[in-house]
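The working numbering puts the first residue of the sequence shown at 45, with every later residue one more than the last. Even glycine gets a Cβ: it sits at the ideal position worked out from N, Cα and C. Accompanying notes for the structure given below.
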Amino acid sequence: MTLTRDQELWGMALWVEKQHGKNGAAFIDDKIGQLSRAKDNQGVALWQDVARRLEQLTLRRRPS
45 MTLTRDQELW GMALWVEKQH GKNGAAFIDD KIGQLSRAKD NQGVALWQDV ARRLEQLTLR
105 RRPS
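Now the structure itself:
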């Protein structure tokens, strides 16, 4: 089975949520900072996409 890019990004967001819980956004921010300092623009873009998905997960799981 081949995953789409979108599925991979959602998988990464779920992994961050599982491994880092409420600290997931901070983990991603640190990752983006490291990649930015290394001038890895593709890596920054990747983790920004993951951050957007993690935010969506967080919003969906909040009690109404």
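- In the same chain as Arg97, and ignoring 5 residues on each side of it, the C-beta atoms closer than 8 angstroms to its own belong to Leu53, Trp54, Met56 and Ala57, in chain order.
- With a beta-carbon spacing of about 6 angstroms, Ile72 and Val60 fall inside the 8 angstroms limit used to define contacts.
- In this structure, DSSP gives Thr48 a state outside helix and strand, which the three-state scheme calls coil.
- Minimum Cα-Cα distance from Gln78 among the listed residues Thr46, Gly68 and Trp91 corresponds to Trp91.
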